[in-house]
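Down below is the structure, laid out as structure tokens.
Number of protein chains: 2
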Amino acid sequence: MNKVKIGLMGLGNIGRGVWKIFEFNKLDIEKSTGYSFEISKVLVKDLKKQRELDIPVHLLTTDPLDILNDKDIEIVVELIGGIEPAKDYILKAIRNKKHVVTANKAVIASHGNELIEAAIQEKVYLQFEGSVAGGIPILDSIKDSLTANKIDEIMGIVNGTTNYILSKMTNESTDFFSALKEAQGKGYAEADPTSDVEGYDASYKLSILSSLAFGTQLPVSAIYREGITKITPIDIEYARELGYVIKLLAIGKQKKDCVELRVHPTLIPVSHPLATIQDAFNGIFIRGNAVGDLMYYGKGAGDLPTGSAVVGNIISIIKKKQCSYIPDFKVNNAIEIQSMDSTICEYYVRIMVKDIPGVLGRIATEFGKGNVSLSSVIQKGEGEPQVSLVFVTHLTNELNVQNSLMEILKINEVIEIANVIRVEK
Amino acid sequence: MNKVKIGLMGLGNIGRGVWKIFEFNKLDIEKSTGYSFEISKVLVKDLKKQRELDIPVHLLTTDPLDILNDKDIEIVVELIGGIEPAKDYILKAIRNKKHVVTANKAVIASHGNELIEAAIQEKVYLQFEGSVAGGIPILDSIKDSLTANKIDEIMGIVNGTTNYILSKMTNESTDFFSALKEAQGKGYAEADPTSDVEGYDASYKLSILSSLAFGTQLPVSAIYREGITKITPIDIEYARELGYVIKLLAIGKQKKDCVELRVHPTLIPVSHPLATIQDAFNGIFIRGNAVGDLMYYGKGAGDLPTGSAVVGNIISIIKKKQCSYIPDFKVNNAIEIQSMDSTICEYYVRIMVKDIPGVLGRIATEFGKGNVSLSSVIQKGEGEPQVSLVFVTHLTNELNVQNSLMEILKINEVIEIANVIRVEK
Numbered sequence: 229m230n231k232v233k234i235g236l237m238g239l240g241n242i243g244r245g246v247w248k249i250f251e252f253n254k255l256d257i258e259k260s261t262g263y264s265f266e267i268s269k270v271l272v273k274d275l276k277k278q279r280e281l282d283i284p285v286h287l288l289t290t291d292p293l294d295i296l297n298d299k300d301i302e303i304v305v306e307l308i309g310g311i312e313p314a315k316d317y318i319l320k321a322i323r324n325k326k327h328v329v330t331a332n333k334a335v336i337a338s339h340g341n342e343l344i345e346a347a348i349q350e351k352v353y354l355q356f357e358g359s360v361a362g363g364i365p366i367l368d369s370i371k372d373s374l375t376a377n378k379i380d381e382i383m384g385i386v387n388g389t390t391n392y393i394l395s396k397m398t399n400e401s402t403d404f405f406s407a408l409k410e411a412q413g414k415g416y417a418e419a420d421p422t423s424d425v426e427g428y429d430a431s432y433k434l435s436i437l438s439s440l441a442f443g444t445q446l447p448v449s450a451i452y453r454e455g456i457t458k459i460t461p462i463d464i465e466y467a468r469e470l471g472y473v474i475k476l477l478a479i480g481k482q483k484k485d486c487v488e489l490r491v492h493p494t495l496i497p498v499s500h501p502l503a504t505i506q507d508a509f510n511g512i513f514i515r516g517n518a519v520g521d522l523m524y525y526g527k528g529a530g531d532l533p534t535g536s537a538v539v540g541n542i543i544s545i546i547k548k549k550q551c552s553y554i555p556d557f558k559v560n561n562a563i564e565i566q567s568m569d570s571t572i573c574e575y576y577v578r579i580m581v582k583d584i585p586g587v588l589g590r591i592a593t594e595f596g597k598g599n600v601s602l603s604s605v606i607q608k609g610e611g612e613p614q615v616s617l618v619f620v621t622h623l624t625n626e627l628n629v630q631n632s633l634m635e636i637l638k639i640n641e642v643i644e645i646a647n648v649i650r651v652e653k
Numbered sequence: 229m230n231k232v233k234i235g236l237m238g239l240g241n242i243g244r245g246v247w248k249i250f251e252f253n254k255l256d257i258e259k260s261t262g263y264s265f266e267i268s269k270v271l272v273k274d275l276k277k278q279r280e281l282d283i284p285v286h287l288l289t290t291d292p293l294d295i296l297n298d299k300d301i302e303i304v305v306e307l308i309g310g311i312e313p314a315k316d317y318i319l320k321a322i323r324n325k326k327h328v329v330t331a332n333k334a335v336i337a338s339h340g341n342e343l344i345e346a347a348i349q350e351k352v353y354l355q356f357e358g359s360v361a362g363g364i365p366i367l368d369s370i371k372d373s374l375t376a377n378k379i380d381e382i383m384g385i386v387n388g389t390t391n392y393i394l395s396k397m398t399n400e401s402t403d404f405f406s407a408l409k410e411a412q413g414k415g416y417a418e419a420d421p422t423s424d425v426e427g428y429d430a431s432y433k434l435s436i437l438s439s440l441a442f443g444t445q446l447p448v449s450a451i452y453r454e455g456i457t458k459i460t461p462i463d464i465e466y467a468r469e470l471g472y473v474i475k476l477l478a479i480g481k482q483k484k485d486c487v488e489l490r491v492h493p494t495l496i497p498v499s500h501p502l503a504t505i506q507d508a509f510n511g512i513f514i515r516g517n518a519v520g521d522l523m524y525y526g527k528g529a530g531d532l533p534t535g536s537a538v539v540g541n542i543i544s545i546i547k548k549k550q551c552s553y554i555p556d557f558k559v560n561n562a563i564e565i566q567s568m569d570s571t572i573c574e575y576y577v578r579i580m581v582k583d584i585p586g587v588l589g590r591i592a593t594e595f596g597k598g599n600v601s602l603s604s605v606i607q608k609g610e611g612e613p614q615v616s617l618v619f620v621t622h623l624t625n626e627l628n629v630q631n632s633l634m635e636i637l638k639i640n641e642v643i644e645i646a647n648v649i650r651v652e653k
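Listed in order, the protein sequences are those of chains R and S.
Numbered per my numbering, the first sequence finishes at 653, counting up by one with no gaps.
Numbered per my numbering, the second sequence finishes at 653, counting up by one with no gaps.
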């Protein structure tokens, strides 16, 4: 049986998952591929650290060059995360004619094109299924199975932490901070939760997903991004009353001459497939012009799920390397990203007002002047000094909404624009 | 640009979908593959039939040999359905060194092994993603993306007709025959609905799915099969009360030394991802030992969704044929299929009885004697001459349940065993 030697860089959660999968499923993988896989070196930070896994000490190294310069290693698996030195290691591996598998969303979202170009030059493969939605094989699907389609739209719940928090807030009516604390207690959120709750993590993943789906490299910096910290139990309750749930969505849409990319909390109808994705699970909804609506659901993180994607990539490279080289990805020209002002959407707007007769009419009039047409209005808490007015608009332009809200803020009885949340159907 | 000539056998619903996709997405497909695809011959039954599509008349033929013996045709797409002459055409195409794509579940479920062996002998590819769940790329996923996993379990809603009927019955409390009639009116069910409502269609698909997932050929004839004609609104209502919905599931489980295969109506918890699959949509739930729980949701039928799978297969073959030949599938040894008697399941049992004090006790005693342990009991309609008693068991053995029911039928006050439905979680 042919042997393939693998160099594993990083022995964190996912690294250990990869090790375990090759251990548990060794025989099945050998039987189905005809290859025997051996992790021959493992890059760690500390040789002396106590580890739960029984990895022979002589495999461990703290010197990346022990892997990058090892002529016997065919595949380098980069799982240290972050941009540097990960990017440097990946590039060196590629320049040394090694195939690379990574689950590193930051480096792929930020430098994917450069790394893919290098891989094509050196005729090696660079795969990164684990960088988006853990074990869900969404990149493979876009790249291989859905090639008959023009992808019109992707909407994903791609961050488990925020979905856990929003699920808690929805099902138990807790506020954001209590739900965050619980997520931290369960290990779903980090001590500094910024990357998750402010939508950075989701925007990395959207960059990767939509770059693949729309055949171009879409920079993270160009993605409109809004986190979930402003969502309150009050908004969740109004949403429910209107027939919606609130999810943090990563949205990519192919428009005529541009693409629309945004990450923000979103009202989606309770009947939408994504509305059923609970807790730390991920779900990716994709619409192709042939296949119609598809949704994938699964674990978006974790040692074994993400390890499943990494090992799947390793096996796929081993199959491909028997062929003459065909690039996995194409680096195409840039497509323009639509400015957020031009986005067409429905909007949920909650405004705090003094409860004085006529204020609803004044606000509605301003919306009308701004060309924002309303589909529903809820007014509650009659007789209290401050009340919430909730408006849902018909499809309208972001700029019109923002301009109308500026005018509405000038109305005397208006205390604040409490929240503005986009609606998708 | 390299040209690939395709022979299309059959111009029904899916055949027209394939034609349309190559028409609509021509430029995108050429750009992403570097190949130009041409459907150069189309096998039809009647040359003179009026067609909605604008297909040049000189492409049409009624003679299959015009395609099978055409040296320029590299890929034959078989979409005539049924076993013969489809099987004969596929074999001839393979023997003439042509790659074959089909969406024909009957021929693959019944003769997959033989056809795959022939393809391996001739070093051509045979692909059939469209044969299961339309456009959902579930076979590709099992075959390519999830190779790091041992698949433990598959549960699928793979028949849109029955899911439409059960959704109607659940959401509108109609009975089976009214729902069937509506499905027929909408074109979701055929005039003779036997194949769908009796579970034959689902068992073909289960055979294909589980053959791939468990690495063997599992004959349709060995699959336990039960349709949905006995499901009543009463059962659906009791299920709801107990926290379940009723779906027709195709279930495949890997056991220690065998596999468990069955198609039958099933109670699943409302919180199960499959419970949310409504109307004619398909959903496939799969559990791998690394990736954990995954679910795919999408359109299980239709010209463009199934066409998406067929064209995806065509493109994948074109990529593969540039390499030295590696078989797509392996034909492995047989795995034993567990006898239905040995199945371990929970059961929902509804029994009609005369409402006489003590009957519940007598029935419960018989279950106990038969080693069937109960988890809940519902008794309703007190005072009426006939009442329903509903029992849900703990995990138990099929044979024990069947034996207990034989004894229960002997109890004087028992009128009939109205329904027995398995429960999955």
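For each residue, glycine too, the CB sits at the ideal point set by N, CA and C.
* Where V600/S and I572/S are concerned, what is the direct C-alpha to C-alpha distance, given to the nearest angstrom? -> Their backbone Cα atoms lie some 11 Å apart in a straight line.
* Drop a sphere of 10 angstroms on the beta-carbon of K431/R, count the other beta-carbons inside from all chains shown, and report buried for 16 or more, exposed for fewer. => The sequence given here has Ser at residue 431/R, not Lys. Its Cβ being crowded by 16 or more others within 10 Å, S431/R is buried.
* Report the partner residues of C573/S according to the DSSP bridge assignment. => Note: C573/S is bridge-paired with T624/S in the DSSP secondary-structure output.
* Asked: Does A348/S come within less than 8 Å of chain R when only Cβ atoms are used?
  -> What sits at residue 348/S in the sequence shown is Ile, not Ala. With 8 Å as the cut-off, I348/S does not count as an interface residue toward chain R.
* Pick out whichever of N399/S, I563/S, A314/S has its Cα sitting closest to the Cα of Q506/S. => Nearest option by C-alpha distance: N399/S.
* To do: Could you tell me whether the Cβ atoms of P533/S and A441/R are closer together than 8 Å?
  => For P533/S and A441/R, no; Cβs fall outside 8 Å.
* From the beta carbon of V519/R, is the nearest beta carbon of chain S less than 8 Å away? -> Interface criterion met: the Cβ of V519/R is under 8 Å from a Cβ in chain S.
* Of the residues I301/S, E410/S, N391/S, the one placed nearest A503/S, counting alpha carbons only -> The option with the nearest alpha carbon to A503/S is N391/S.
* To do: Have a look at V642/R and P613/R and give me their C-alpha separation to the nearest angstrom.
  => When rounded, the distance between both Cα atoms is 12 Å.
* Asked: Candidates L296/R, S268/R, D300/R: which alpha carbon is nearest H211/R's?
  -> A query on residue 211/R cannot be resolved here, the shown segment of chain R reaching from 229 to 653 and no further.
* **Local Cβ density within 10 Å of H492/S, reported as buried at 16 or more and exposed below that** => In this structure H492/S is buried. Its beta-carbon is surrounded by 16 or more other beta-carbon atoms within 10 angstroms.
* Counting pairs of beta carbons, one from the segment 250–263 of chain S and one from the segment 271–278 of chain S, are three or more of them closer than 8 Å? -> No, they do not touch.
* Could you give the DSSP three-state label for F595/R: helix, strand or coil? => Looking at F595/R - three-state DSSP - the assignment turns out to be helix.
* What span of residues does the beta strand (DSSP E) with I303/R cover, start to end? -> Here the beta strand (DSSP E) through I303/R covers 301–306.
* Asked: F356/S versus chain R: which residues are under 8 Å apart at the beta carbon?
  -> Residues of chain R whose Cβ lies closer than 8 Å to the Cβ of F356/S do not exist, since the nearest Cβ in that chain is about 13 Å away.
* Asked: Contact check, Y576/R vs A646/R under 8 Å by CB: the rounded distance?
  -> Rounded to whole angstroms, the Cβ separation of Y576/R and A646/R is 11 Å, and the two are not in contact under 8 Å.
* Using a cut-off of 8 Å between C-beta atoms, extract the partners of Y524/R located in chain S. => Counting only Cβ-Cβ distances below 8 Å, Y524/R has contacts in chain S at L522, M523, Y524, Y525, in chain order.
* Asked: N510/S touches chain R at which residues, Cβ-Cβ below 7 Å?
  -> The contacting residues do not exist; N510/S stays about 10 Å from chain R at best.
* Asked: Looking only at its own chain, which residues have a Cβ that is under 8 Å from the Cβ of A419/R, when we skip the five neighbours before and after it?
  -> If we look at A419/R and ignore the five residues flanking it on each side, its Cβ neighbours are Q412.
* **Per DSSP, cross-strand counterpart(s) of T494/R** => DSSP, once it has assigned bridges, lists K475/R, R650/R as partnering T494/R.
* Asked: Taking the Cβ atom as the reference point for each residue, do L620/S and E652/S lie within a distance shorter than 8 Å?
  -> According to the sequence provided, residue 620/S is Val. The question's Leu does not apply to it. Against a cut-off of 8 Å, the Cβ pair of E652/S and V620/S comes out as no contact.
* Looking at the C-beta of I554/S, does it have a partner C-beta in chain R at a distance below 8 Å? -> It does: the Cβ of I554/S has a partner Cβ on chain R nearer than 8 Å.
* Asked: With DSSP run on the structure shown, which of helix, strand or coil describes F356/S?
  -> Residue state, collapsed to three classes: coil.
* **Neighbour list for V252/S in chain R, Cβ cutoff strictly below 9 Å** => Note on residue identity: the sequence assigns Phe, not Val, to residue 252/S. What F252/S touches in chain R: K378, N517, A518.
* Starting from the C-beta of D463/S, find all residues in its chain whose C-beta is less than 6 Å away, skip the five residues before and the five after it, and write them out in chain order. => Within the same chain, N647 come within 6 Å of D463/S by CB-CB distance, once the 5 residues on both sides are set aside.
* Based on the DSSP output, what are the partners of E644/R in its beta bridges? -> Beta-bridge partners of E644/R (DSSP): M580/R.
* Thinking V615/R and D583/R are a contact (beta carbons under 8 Å), I'd like their distance in whole angstroms, please. => Right, the Cβ-Cβ distance comes to about 5 Å (below 8 Å), so this counts as a contact.
* Asked: Taking the C-alpha atoms as reference points, what is the distance between D556/R and K549/R?
  -> Spanning the two alpha carbons is a distance of roughly 12 Å.
* Asked: Quick one: is S632/R buried, meaning 16 or more other Cβ sit within 10 Å of its Cβ, or exposed?
  -> The residue in question, S632/R, is buried, as its Cβ has 16 or more Cβ neighbours within 10 Å.
* **Listed by chain order, chain R residues near Q550/S by CB distance under 7 Å** => Within chain R, the residues near Q550/S are C551, S552, I554.
* C-beta contact flag for K231/R and E258/R at 8 Å -> If you check the CB distance, K231/R and E258/R do not come in under 8 Å.
* To do: To the nearest angstrom, report how far apart L343/R and L354/R are at their CA atoms.
  => Answer to the nearest angstrom: the Cα atoms are 8 Å apart.
* Could you have a look at Y317/S and say whether DSSP puts it in helix, strand or coil? => In this structure, Y317/S counts as helix in the three-state DSSP scheme.
* **Contact set between I257/R and chain S, taken where Cβ atoms lie within less than 8 Å** => At a beta-carbon threshold of 8 Å, the residues of chain S lying near I257/R are T375, A376, ordered along the chain.
* Residues in its own chain within less than 7 Å of S338/S by CB, not counting five upstream and five downstream? -> These residues qualify, in order along the chain: I311, V448.
* So, does the CB of K597/S fall closer than 8 Å to a CB anywhere in chain R? -> With 8 Å as the cut-off, K597/S does not count as an interface residue toward chain R.
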